[in-house]
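So the structure is just underneath, and the comments pick up after that.
There are 2 protein chains.
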Amino acid sequence: MLDENEIVKNSVPLPSVRRLPLYLTVLEEFKKDNKEWISTTDFSEVLFLKPIQVRKDLAHTGIIGKPKKGFKVDELILTINNFLGWNNLSEAFLVGAGALGSAILGYTGFEHHGLNIIAAFDASPDVIGKKIHGKEVLALEKLPNIAERMQVKLAIVTVPKSAAQDVADCLVSAGIKGIWNFSPIKLQVPNDVVVQREDLSSGLAVLSVKLGRFDR
Amino acid sequence: MLDENEIVKNSVPLPSVRRLPLYLTVLEEFKKDNKEWISTTDFSEVLFLKPIQVRKDLAHTGIIGKPKKGFKVDELILTINNFLGWNNLSEAFLVGAGALGSAILGYTGFEHHGLNIIAAFDASPDVIGKKIHGKEVLALEKLPNIAERMQVKLAIVTVPKSAAQDVADCLVSAGIKGIWNFSPIKLQVPNDVVVQREDLSSGLAVLSVKLGRFDR
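Each protein sequence line maps, in turn, to chains Z and X. Under our numbering, the first sequence has 90 at position 71, and the numbering climbs by one with no breaks. Under our numbering, the second sequence has 180 at position 161, and the numbering climbs by one with no breaks.
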């Protein structure tokens, strides 16, 4: 019965967690411009958030700003990354080397977020053995063995809906503890496994309804 | 100052809107199995939602269930699609034919959600003129002209961060009213333009923090 509004880890609301990568984006820009300090107002103006929201979001990471100066850019980058656990690179598998899976393999941004995709798996002989963005696609049945040997705990699932639960079962029995699920179904997993679902059609639904305010 | 928790269209909370595509997924399965009725309990069990949440979510669409029977499958599909405006296909452009843009062009699911991507645009001579998943990539400078001629109001932005605001400005002046933004920045647009941001790193942040409950 997990919900988007659920509150995790010392009562940090998920919308705040979701915004933290945005703060990092702004901080990287400041760093590139050799700026030493960043203020609540700086964030507020770039991200269109209310200052009180910025203060609340950042307070969750445990950092305390300096009156009139704000936060040291380097320190805040470190603090947010620490909070998210992104200072340590986690190794992950990707299962499902179709169009979406390939796009994710080709995206270089995840390594900045502590995620290193070390292998891709698929069940189709058409793609097994091929290289996608420099990563070889392995046969799905090899996953349990490799997961155990390499102690991989994280997997990205980009298979079609019909295969998703079978893949999840396979991942769970292979010792995977975190699943980033891009398939449009809810996965059933034991209590000690975390699933985060990404659903592009949810975003499209929100856009459709917001647009409806104007032209329907 | 829009926020994820904002309430739109007759006070429907966005988390409910986000869940509606999930209900559609379940309904399509029931339809495939030739089932005529679906109950709150059916949804509750498949989606791991509390029955009260299911009832609230569906009530927003205006449908009224029948005691002990629930909802007619066909009627509920129609009602949700109507609510989301997904019965009418909206034509959309995609800007940025890189890895993510290509994946989106290859994804066939959006047409079930009322979205028909009719053309792709890019600024790079390397991809202009090429076909990706059957759709020709056109030069970005042709967009305003084609948007006006075809009365397209929706665009998907999958360009790098550095190009995103320029592309948004171009889209706004071409009369685009809805932007589905996959770039990791907030876009500045006039009040009558709706932006829905998709940010994969937000999902990764939530997964990281949830995982932290177990192993950090």
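Idealized CB from N, CA, C, for every residue including glycine.
DSSP on X:N135, reduced to helix/strand/coil?
-> Within the second sequence, residue 135 of chain X is the residue found at index 116, counting from 1. It is a strand residue.
May I ask you to report which of helix, strand or coil DSSP gives X:P70?
-> Along the second sequence, read from residue 1 onward, the residue named residue 70 of chain X stands at position 51. Helix at X:P70.
Are the C-beta atoms of Z:Y42 and some chain X residue less than 8 Å apart?
-> Stepping through the first sequence from its first residue, residue 42 of chain Z is reached at position 23. With 8 Å as the cut-off, Z:Y42 does not count as an interface residue toward chain X.
Is X:E167 close to chain Z, meaning its C-beta is less than 8 Å from at least one C-beta of that chain?
-> Taking the first residue of the second sequence as position 1, residue 167 of chain X is located at position 148. It does not: the Cβ of X:E167 has no partner Cβ on chain Z nearer than 8 Å.
When you compare each of X:F129, X:E110 and X:I147 to X:W159 by their alpha carbons, which one comes out closest?
-> Position 140 of the second sequence, counted from the first residue, corresponds to residue 159 of chain X. For the sequence presented, residue 159 of chain X should be read as Leu rather than Trp. The shortest Cα separation from X:L159 among X:F129, X:E110 and X:I147 belongs to X:I147.
Per-residue contacts from Z:I204 into chain X (C-beta, under 8 Å) = For the purposes of this step, residue 204 of chain Z is taken as the residue at position 185 of the first sequence. By Cβ distance, chain X contributes T44.
Note down, in chain order, each residue of its chain lying with its Cβ closer than 7 Å to the Cβ of X:F49, except the 5 sequence neighbours on either side.
-> Within the second sequence, the letter at position 30 stands for residue 49 of chain X. The residues are I57 and V92.
Using a Cβ cut-off of 8 Å (strictly closer), state whether X:L133 contacts chain Z.
-> Translated into positions along the second sequence, residue 133 of chain X becomes position 114. One detail in the question is off: residue 133 of chain X reads as Gly in this sequence, not Leu. Output row for X:G133: interface = yes.
Whole angstroms is fine: what's the gap from Z:L77's alpha carbon to Z:P40's?
-> To locate residue 77 of chain Z, count along the first sequence from 1; it is residue 58. To locate residue 40 of chain Z, count along the first sequence from 1; it is residue 21. Taking the straight line joining both Cα atoms gives about 12 Å.
Comparing the C-beta of Z:F233 with each C-beta of chain X, is any distance below 8 Å?
-> Counted from its first residue, the first sequence places residue 233 of chain Z at position 214. Bear in mind that the predicted position of Z:F233 carries a pLDDT of just 47, short of 50, making it too unreliable to give a figure here.
Between the stretch 88-117 of chain X and chain Z, which residues of the former have a C-beta closer than 7 Å to a C-beta of the latter?
-> L103, G104 and W105
Is the CB of X:S121 under 8 Å away from at least one CB in chain A?
-> In the structure shown, chain A does not exist; the protein chains are Z and X.
Alpha-carbon to alpha-carbon, X:L162 and X:S192 | Here the question's residue 192 of chain X lines up with position 173 in the second sequence. Here the question's residue 162 of chain X lines up with position 143 in the second sequence. Going by the C-alpha atoms only, they are around 10 Å apart.
Would you check if the distance between the CB atom of X:V225 and the CB atom of Z:L33 is smaller than 8 Å?
-> Within the second sequence, numbered from 1, the residue matching residue 225 of chain X stands at position 206. Within the first sequence, numbered from 1, the residue matching residue 33 of chain Z stands at position 14. Contact: yes.
Meets three-Cβ-pair contact criterion under 8 Å: the stretch 106-114 of chain X and the stretch 94-113 of chain Z = no
Any contact of the stretch 120-137 of chain X with the stretch 70-87 of chain X, i.e. 3+ C-beta pairs under 8 Å?
-> Contact between the stretch 120-137 of chain X and the stretch 70-87 of chain X is absent, because fewer than three Cβ pairs lie under 8 Å.
Which word fits X:T177, buried or exposed, when buried means at least 16 other C-beta atoms lie within 10 angstroms of its C-beta?
-> Position 158 of the second sequence, counted from the start, is the residue given in the question as residue 177 of chain X. By the 10 Å Cβ count, X:T177 comes out buried.
Whole-angstrom Cβ separation of X:L43 and X:I96, contact assumed at under 8 Å?
-> Counted from its first residue, the second sequence places residue 43 of chain X at position 24. Counted from its first residue, the second sequence places residue 96 of chain X at position 77. 7 Å between Cβ atoms; contact.
Have a look at Z:T59 and X:T80 and give me their C-alpha separation to the nearest angstrom.
-> Position 40 of the first sequence, counting from 1, holds the residue named residue 59 of chain Z. Position 61 of the second sequence, counting from 1, holds the residue named residue 80 of chain X. One C-alpha to the other measures close to 39 Å.
Identify, in the order they occur along the chain, each residue of the same chain with its Cβ nearer than 7 Å to the Cβ of X:I99, setting aside the five sequence neighbours on each side.
-> Position 80 of the second sequence, counted from the first residue, corresponds to residue 99 of chain X. For X:I99, where only same-chain residues beyond five positions count, the Cβ hits under 7 Å are L39, Y42, L43 and T80.
Under 7 Å (Cβ pairs) to chain X, residues found in the stretch 50-67 of chain Z = L66 and F67
Note down, in chain order, each residue of its chain lying with its Cβ closer than 6 Å to the Cβ of X:L21, except the 5 sequence neighbours on either side.
-> For the purposes of this step, residue 21 of chain X is taken as residue 2 along the second sequence, with counting starting at 1. Confidence in X:L21 is poor, its pLDDT being 41 and thus under 50, which makes the residue's placement too unreliable to answer from.
Return the residue from the list X:F140, X:E110 and X:S221 that minimises the CA-CA distance to X:C189.
-> By 1-based counting over the second sequence, the position of residue 189 of chain X is 170. Of the candidates X:F140, X:E110 and X:S221, the one whose C-alpha sits nearest the C-alpha of X:C189 is X:F140.
Quick one: which chain Z residues come within Cβ less than 8 Å of X:E217?
-> One-based indexing of the second sequence puts residue 217 of chain X at position 198. Chain Z residues near X:E217: L219 and G222.
Range of the contiguous beta strand (DSSP E) that encloses X:L113 | As a position in the second sequence, residue 113 of chain X is number 94, starting the count at 1. Start and end: S109 to V114.
Under the rule that 16 or more other beta-carbon atoms within 10 Å means buried, what is X:E25, buried or exposed?
-> Walking along the second sequence from the start, residue 25 of chain X turns up at place 6. Because X:E25 carries a pLDDT of 46, less than 50, the predicted location of this residue cannot be relied on, and no value is offered for it.
Kindly list, in the order they appear in chain X, the residues whose Cβ is closer than 7 Å to that of Z:G197.
-> Residue 197 of chain Z sits at position 178 when you count from the first residue of the first sequence. Near Z:G197 (Cβ distances below 7 Å), the residues of chain X are L226 and L230.
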